[in-house]
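Input: a single structure, listed below in structure tokens.
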């Protein structure tokens, strides 16, 4: 069953058609990669899904509910998790507190003036940190962590509201090549375990072809190909768009 | 109004716009390039007026003496500005925004006392401009020739600035640095001298703005703050960093003011509506409206987020057992004070406790909330007046203690709704605008608030009439207030507030409504500041409009920043030190403001983290050292 249905999504900036008529679906437990050369409209497409930018036309449905016009925080309340291309964490808080914030918000307890924030949802937070392998660092400040660790924390935060859909924008950007695969494998395992639908954009083709169940390819704002990794790899239009960029080179050796 | 009257008011507006534009353009230029909001810009203007006065006295009142003095005064102020930039600002460009503000405010204090020392407290009116001393007849009315000169001066300066900025290499560099300071630096622009040059040019404009006023307005010691608040409004309405915007805004505000004076009193449905009294607030109303509709000003653009925002704050740890014990000991010591002391010591301690609560409430929105308020005194004042007015109307004092904070809370609810829609410098300016509006209402509403005289005879209930009894009430009220504010910061509400400050993007993405969180914090801080105001009113027995004027807001900022914004107890120490210093120094020394300014400058240069922040770092480094090298 499709968790996310995107129909004829379009967005223009001035005279530039950033995204035109894009249609796709993501099913529960499925990892769908959204790829394309620089400037293909991936990030625009992505930000329209969770309400950060408004679409010109088209519809986005999550479990049958229209997401169009909702604010990011409302989209989150429906059960959509999100990680950012450049990590966004609360720098004045510890690792555990970052996760606790998401949990408190999920349980609707953030308005409390009386309880002690750091004593709430401790076990739940630690369990989430355990899942992303960050439990040992729970008491460290987010300001001093390595970038790869912040990515893991974002993942834990994104899982706090028990999402049925996870949107990951460039989850491995800025990480060392070795770490990238590890992080994506972690995300893929978590998603399959909990039957979460995942949509992610990614530059690293090794990561994409190793972990995605299905791939959609954007070029100049249009969806040019869709299918399983081997189908996309062989797709003539994809070869046309990517050939010579060298991005596929590593994949043939993978 | 007749057509002739309208024309004359229009010309009056144009004449006032010029001087306003000169000051605002300088402020805007300096902000654009250095990102420093120069609180001392009004002081530079004041210096310009005073220096021009003295030079004219020295050179004589001939054409050469007058015009030479006006120009030379501008140049002297420019040189002073350059020195300030080189010896002070250069050291603090990397410091947090608020410390820079504090440093420039220290300059305000020093320059004010310097002017008092050199020129004395009397207003000094300069001579008329030779050759322009008369009046011409326009539409059947007399219009001063000098004002015609001012009308020409504004557009002329605008044209010259435009030429410098677009036609010279230096101007190109200034525009580049305004656009992207880091990139300009990376491309090899010598920032040091560029900054000095811009600061000198801005100071020149301020100095000239002041010196050309000499035939119109007597030099006096209150020009600095009145000019700076006008200039802030103009710059914010026009858009920070935009010279054209500053011109447009100066014109708009000066014209609206001129017409308010021209219209005078109007009777509407039997009520007399005084437009001339509106001049005190009308610019702030314009600013509030513009900021809500166009948050970046008429011609401004959204500020790029600076790439380095200083070191992140350490996570908020629950207080250690030792810290709790120390606080309990402090409370016990305070409770024992009346046993050993009486009279003045108690009065001073009540003041300190009241300001500690005020300063913690300001810290509440500035630190964890990330909202820099320049107008927090409004809530202190509303608290004081709310309590005073209800007692004057016959209610019991205990009711007053509830009504005061309530009125302040309602004020914060209304003003806060607008404020949380903005951020950074714009938010700060809007808080200042609302404080100014509140102050003006209190200052002018003679029938209710007693106007400039304020309210007297606001005494506590009989059972609290002795100083000792009132001391215990103040101690209980302030300690409870401070404790509640601290406690909220440890609660999920406080954490969510900090989350919104740390990363609005992430906060939104995990379902936190950052704006309503900030709004809530604004109201809580308003209630607490109102309690401080009410307690202060009953302690003094009187309330004056000064309790909510701009200097009081600045006092609050100084207290918070002295203590350090990164530490919960900082604002308390800052308030204690500031209040004690003010009290001790003001009684001993004539020029206490200058001493205070010098102390602030020394503290800013020596402890950019604030006192408590510094002590915290010191303890931390000792702890790390004694723990030895990690295995």
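Chains as they are written, first to last, in the working numbering: chain A, 1 to 254; chain B, 1001 to 1631.
Don't be surprised by glycine CBs; every beta carbon is placed ideally from N, CA and C.
(1) Whole angstroms are fine: how far does the CA of residue 1579 (chain B) sit from the CA of residue 1361 (chain B)?
(2) To the nearest angstrom, how far is it from the Cα of residue 177 (chain A) to the Cα of residue 200 (chain A)?
(3) Using 8 angstroms for Cβ pairs, my map puts residue 1246 (chain B) next to residue 1025 (chain B). What's the rounded Cβ distance?
(4) Which runs of the beta strand (DSSP E) fall wholly inside the region 1411–1476 of chain B and span at least 3 residues, in chain order?
(5) I want to verify the contact list: residues of chain A whose CB lies under 8 angstroms from the CB of residue 1565 (chain B), in sequence order.
(6) Decide if residue 1268 (chain B) is buried, meaning its Cβ has at least 16 other Cβ atoms within 10 Å, or exposed.
(7) Taking Cβ-Cβ distances shorter than 9 angstroms, what residues in chain B pair up with residue 157 (chain A)?
(8) Across the region 1383–1396 of chain B and the region 1542–1558 of chain B, are there enough close Cβ pairs to call them in contact, namely three or more that are closer than 8 angstroms?
(9) Tell whether a beta-carbon distance below 8 angstroms holds between residue 1510 (chain B) and residue 157 (chain A).
(10) Between residue 1044 (chain B) and residue 1077 (chain B), is the Cβ-Cβ spacing less than 8 angstroms?
(11) Can you give me the Cβ contacts of residue 1425 (chain B) inside the same chain, cut-off strictly under 7 angstroms, excluding the 5 residues immediately before and after it?
(12) Is residue 1412 (chain B) near residue 1379 (chain B), with beta carbons less than 8 angstroms apart?
(13) Once the 5 residues before and after residue 1348 (chain B) are set aside, which same chain residues still bring their CB inside 8 angstroms of it?
(14) Against chain A, which members of the region 1067–1101 of chain B pass a CB distance test of less than 7 angstroms?
(15) Output needed in chain order: residues of the region 157–174 of chain A with a Cβ under 8 angstroms from some Cβ in chain B.
(16) Looking at chain B, is there any beta carbon in it that lies within less than 8 angstroms of the beta carbon of residue 20 (chain A)?
(17) Taking the alpha-carbon positions, what's the residue 1590 (chain B) to residue 1596 (chain B) distance?
(18) Quick one: is residue 1310 (chain B) near chain A, going by C-beta distance under 8 angstroms?
(19) Residues in the same chain with beta-carbon distance under 6 angstroms from residue 1309 (chain B), minus the five sequence neighbours each way, listed in chain order, please.
(20) If the criterion is Cβ atoms closer than 8 angstroms, does the pair residue 1198 (chain B) and residue 1029 (chain B) meet it?
(21) For residue 1351 (chain B), decide whether its Cβ has a neighbour in chain A, counting only Cβ atoms nearer than 8 angstroms.
(22) Which same chain residues, not among the five before or five after residue 221 (chain A), have their C-beta less than 6 angstroms away from its C-beta?
(23) What's the C-alpha gap between residue 1050 (chain B) and residue 1116 (chain B)?
(24) List the residues of chain A that residue 1493 (chain B) touches, going by C-beta distances under 8 angstroms, in chain order.
(25) Once you ignore the five residues that flank residue 203 (chain A) on each side, which residues in its own chain have a CB closer than 7 angstroms to its CB?
(26) Straight-line CA distance for residue 135 (chain A) to residue 1367 (chain B)?
(27) Grouping DSSP H, G and I as helix and E and B as strand, with all else coil, what is residue 17 (chain A)?
(28) Chain A partners of residue 1365 (chain B), CB-CB under 7 angstroms?
(29) Smallest Cα separation from residue 1131 (chain B): which of B:1065, B:1204, B:1603?
(30) Among residues of its own chain, excluding the 5 on either side of residue 1256 (chain B), which ones have a beta-carbon nearer than 7 angstroms to its beta-carbon?
(31) For residue 1192 (chain B), count neighbouring Cβ atoms within 10 angstroms of its own Cβ and tell me buried if that reaches 16, exposed if not.
(32) How big is the Cα-Cα spacing for residue 226 (chain A) and residue 8 (chain A)?
(33) Establish whether the CB of residue 1301 (chain B) and some CB of chain A are separated by less than 8 angstroms.
(34) Starting from residue 1266 (chain B), follow the beta strand (DSSP E) in both directions and report where the run begins and ends.
(35) Kindly indicate which residue of A:228, A:214, A:117, A:121 has the alpha-carbon position closest to the one of residue 1489 (chain B).
(36) Compute the beta-carbon to beta-carbon distance between residue 977 (chain B) and residue 1416 (chain B), rounded to the nearest angstrom, for a pair I have assumed lies under 8 angstroms.
By the coordinates alone:
(1) Taking the second chain and counting its residues from 1, one reaches residue 1361 (chain B) at position 361. Taking the second chain and counting its residues from 1, one reaches residue 1579 (chain B) at position 579. So the two alpha carbons sit approximately 16 angstroms from each other.
(2) Residue mapping note: residue 177 (chain A) aligns to position 177 of the first chain, counting from 1. Residue mapping note: residue 200 (chain A) aligns to position 200 of the first chain, counting from 1. Taking the straight line from one Cα to the other gives about 17 angstroms.
(3) As a working note, residue 1246 (chain B) is residue 246 in the second chain. As a working note, residue 1025 (chain B) is residue 25 in the second chain. Contact annotation, residue 1246 (chain B) with residue 1025 (chain B): C-beta distance approximately 5 angstroms; criterion of less than 8 angstroms satisfied.
(4) Segments of the beta strand (DSSP E) lying fully in the region 1411–1476 of chain B: there are none.
(5) If you number the second chain from 1, residue 1565 (chain B) lands on position 565. Contact note: residue 1565 (chain B) does not reach chain A at a C-beta cutoff of 8 angstroms; the least C-beta distance is about 12 angstroms.
(6) Here the question's residue 1268 (chain B) lines up with position 268 in the second chain. With fewer than 16 other beta carbons inside 10 angstroms of its own, residue 1268 (chain B) counts as exposed.
(7) Residue mapping note: residue 157 (chain A) aligns to position 157 of the first chain, counting from 1. Residues of chain B passing the Cβ test: 1506, 1509, 1510.
(8) Touching, yes, given that three or more Cβ pairs across the two stretches are closer than 8 angstroms.
(9) On the second chain, position 510 is the one that residue 1510 (chain B) refers to. On the first chain, position 157 is the one that residue 157 (chain A) refers to. Yes; because the gap between Cβ atoms is below 8 angstroms, this pair is in contact.
(10) Within the second chain, numbered from 1, the residue matching residue 1044 (chain B) stands at position 44. Within the second chain, numbered from 1, the residue matching residue 1077 (chain B) stands at position 77. Yes, the pair counts as a contact, with Cβ atoms nearer than the cut-off.
(11) Along the second chain, read from residue 1 onward, the residue named residue 1425 (chain B) stands at position 425. Excluding residues within five positions, the ones whose Cβ falls inside 7 angstroms are 1037, 1240.
(12) Within the second chain, residue 1412 (chain B) is the residue found at index 412, counting from 1. Within the second chain, residue 1379 (chain B) is the residue found at index 379, counting from 1. Taking 8 angstroms as the Cβ cut-off, residue 1412 (chain B) and residue 1379 (chain B) qualify as a contacting pair.
(13) Translated into the one-based positions of the second chain, residue 1348 (chain B) becomes position 348. 1579, 1580, 1583.
(14) Taking a C-beta cut-off of 7 angstroms against chain A, none of the residues of the region 1067–1101 of chain B qualify.
(15) Interface annotation for the region 157–174 of chain A against chain B: 157, 160, 161, criterion Cβ-Cβ distance under 8 angstroms.
(16) By 1-based counting over the first chain, the position of residue 20 (chain A) is 20. Judged by the 8 angstroms Cβ criterion, residue 20 (chain A) is not in contact with chain B.
(17) Position 590 of the second chain, counted from the first residue, corresponds to residue 1590 (chain B). Position 596 of the second chain, counted from the first residue, corresponds to residue 1596 (chain B). Rounded to whole angstroms, residue 1590 (chain B) to residue 1596 (chain B) spans 12 angstroms at the Cα level.
(18) Residue numbering aside, residue 1310 (chain B) sits at position 310 when the second chain is read from its first letter. Here residue 1310 (chain B) scores only 47 on pLDDT, less than 50, and its place in the model is too uncertain to base an answer on.
(19) Reading the second chain from its first residue, position 309 is the one you call residue 1309 (chain B). Reliability fails at residue 1309 (chain B), whose pLDDT of 47 lies under 50, so the model's placement of it is uncertain and the value that follows must be treated cautiously. Correct list: empty, nothing qualifies.
(20) Along the second chain, read from residue 1 onward, the residue named residue 1198 (chain B) stands at position 198. Along the second chain, read from residue 1 onward, the residue named residue 1029 (chain B) stands at position 29. Between residue 1198 (chain B) and residue 1029 (chain B), the CB-CB gap stays under 8 angstroms.
(21) Numbered from its first residue, the second chain carries residue 1351 (chain B) at position 351. False, the Cβ-Cβ gap to chain A never drops below 8 angstroms.
(22) The residue given as residue 221 (chain A) occupies position 221 in the first chain. Around residue 221 (chain A): 17, 18, 19, 20, 41.
(23) Counting from 1 along the second chain, the entry for residue 1050 (chain B) is found at position 50. Counting from 1 along the second chain, the entry for residue 1116 (chain B) is found at position 116. Distance between the alpha carbons of residue 1050 (chain B) and residue 1116 (chain B): 10 angstroms.
(24) Translated into positions along the second chain, residue 1493 (chain B) becomes position 493. By Cβ distance, chain A contributes 110, 111, 112, 113.
(25) For the purposes of this step, residue 203 (chain A) is identified with residue 203 of the first chain, where counting begins at 1. Cβ neighbours of residue 203 (chain A) beyond the five flanking positions: 170, 173.
(26) If you number the first chain from 1, residue 135 (chain A) lands on position 135. If you number the second chain from 1, residue 1367 (chain B) lands on position 367. Spanning the two alpha carbons is a distance of roughly 29 angstroms.
(27) By one-based count along the first chain, residue 17 (chain A) stands at place 17. Looking at residue 17 (chain A) - three-state DSSP - the assignment turns out to be strand.
(28) Residue numbering aside, residue 1365 (chain B) sits at position 365 when the second chain is read from its first letter. Against chain A, a Cβ distance below 7 angstroms from residue 1365 (chain B) picks out nothing, because the smallest value is about 15 angstroms.
(29) Numbered from its first residue, the second chain carries residue 1131 (chain B) at position 131. That would be B:1065, whose Cα lies nearest to the Cα of residue 1131 (chain B).
(30) As a first step, residue 1256 (chain B) is located in the second chain; it is residue number 256 there, counting from the start. So the list reads 1282, 1286, once near-sequence residues are dropped.
(31) Taking the first residue of the second chain as position 1, residue 1192 (chain B) is located at position 192. Flag for residue 1192 (chain B) reads exposed.
(32) Against the first chain, residue 226 (chain A) aligns to sequence position 226. Against the first chain, residue 8 (chain A) aligns to sequence position 8. Those two C-alpha atoms are separated by around 15 angstroms.
(33) For the purposes of this step, residue 1301 (chain B) is taken as residue 301 along the second chain, with counting starting at 1. Not one chain A Cβ lies under 8 angstroms of residue 1301 (chain B).
(34) By one-based count along the second chain, residue 1266 (chain B) stands at place 266. Here the beta strand (DSSP E) through residue 1266 (chain B) covers 1265–1268.
(35) The residue labelled residue 1489 (chain B) in the question sits at position 489 within the second chain. Of the listed residues, the one whose Cα sits closest to residue 1489 (chain B) is A:117.
(36) Not covered by the structure: residue 977 (chain B). The range shown for chain B is 1001 to 1631.
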